[in-house]
Amino acid sequence: MTTHWILGPGAIGRLLAHSLAPFVEVAVIGRRELPTRQVLTTPEGEARDQYLTSLAAKQLVANAPKPPAFVHITTKAMAAEAALSSIASLLPPSTPLVLWQNGFYAQPRITQTWLGPVLCATTTQGAYLTGDDGVVHAGRGPTFIGDLDNQHPGLAEFLAALLSEAGFPATAVGDIR
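Everything in the sequence shown is counted per the working numbering, starting at 241 for the first residue and increasing by one.
The structure is reproduced here in structure tokens:
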């Protein structure tokens, strides 16, 4: 089973983890560990328990696991580069990154410095946290996946298909801007 690391366990990061977990192995990585039992509240108000692997970045570096198939960076734009640098030593340079930041502050900078593929994701999915162990899926909407220079259309299509299968409707696009 492929592994997806989700770097940044905020609302979108945890929503993404809950969505992907039935289909791929997921690890949620942050500055500190979160409870493994997480509760997702659906837009219809249904509470769903799920156990997610949660690791502090320092813990991950100390116990270097097998590299992931994808790293999703779901931090705020201003924290994306620092978050990536906290785990970069564990990643083969060919590891695909998926940047989930609003705007285009971090995307060009990371695309220029990371040797592997860098995809960008933009979503209108809505979510908010209810504490260390809960996230509310507040609204559904489309997600678009692509890269800044249309260099990785096959990878974007693969990820969009996986996200769509996971209930996170996504479309690969040639021009993410």
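Backbone N, C-alpha and C define an ideal beta-carbon position, used for all residues, glycine too.
Note that this is a predicted model, so its numbers are computed, not measured.
Please report the straight-line C-alpha distance between residue i and residue j, rounded to a whole angstrom.
| i | j | result |
| --- | --- | --- |
| Pro420 | Ala367 | Outside the displayed span of the chain (241 to 417) sits residue 420, for which this structure offers no information. |
| Cys360 | Thr243 | 19 angstroms |
| Arg417 | Pro305 | 34 angstroms |
| Gly343 | Arg277 | 32 angstroms |
| Leu292 | Gly270 | 13 angstroms |
| Leu295 | Leu330 | 14 angstroms |
| Pro393 | Leu339 | 15 angstroms |
| Ala309 | Thr411 | 20 angstroms |
| Gly414 | Leu324 | 25 angstroms |
| Leu255 | Val375 | 7 angstroms |
| Gly379 | Ala287 | 15 angstroms |
| Ala267 | Trp245 | 5 angstroms |
| Ala302 | Phe263 | 27 angstroms |
Could you say which of the options lies nearest to residue i if we only look at CA atoms?
| i | options | result |
| --- | --- | --- |
| Gln299 | Val358, Gly414, Gly356 and Ile327 | Ile327 |
| Glu421 | Pro307, Leu337, Pro308 and Gly381 | Because the chain in this structure spans residues 241 to 417, residue 421 falls outside the shown range and cannot be described. |
| Glu405 | Ala251, His258, Ala302 and Val301 | His258 |
| Val279 | Thr353, Ala251, Thr362 and Gly414 | Ala251 |
| Glu273 | Asp372, Asp387 and His377 | Asp372 |
| Pro382 | Asn303, Ala401 and Leu369 | Ala401 |
| Asp389 | Asp289, His377 and Thr351 | Thr351 |
| Leu355 | Val375, Arg380, Thr364 and Pro332 | Pro332 |
| Ala319 | Val301, Gln341 and Asn303 | Gln341 |
| Gly386 | Pro249, Asn303 and Thr363 | Thr363 |
| Leu253 | Ala302, Leu369 and Glu397 | Strictly speaking, residue 253 in this sequence is Gly, with Leu absent from that position. Closest option to Gly253, Cα to Cα, is Leu369. |
| Pro249 | Val311, Pro283, Thr282 and Phe263 | Val311 |
Report, in whole angstroms, the separation of the C-beta atoms of residue i and residue j, which I expect to be a contact under 8 angstroms.
| i | j | result |
| --- | --- | --- |
| Ala317 | Ala297 | Between Ala297 and Ala317 the Cβ distance is about 18 angstroms, and since that is not below 8 angstroms, they are no contact. |
| Leu247 | Thr314 | 7 angstroms |
| Leu395 | Pro348 | About 18 angstroms separates the two Cβ atoms, so there is no contact after all. |
Identify whether residue i lies in helix, strand or coil by the three-state DSSP scheme.
| i | result |
| --- | --- |
| Glu273 | coil |
Pick out the complete alpha helix (DSSP H) segments inside the stretch 308–387, 4 residues or longer, and give them in chain order. Fully contained in the stretch 308–387 are the following alpha helix (DSSP H) runs of length 4 or more, in chain order: 320–327 and 346–353.
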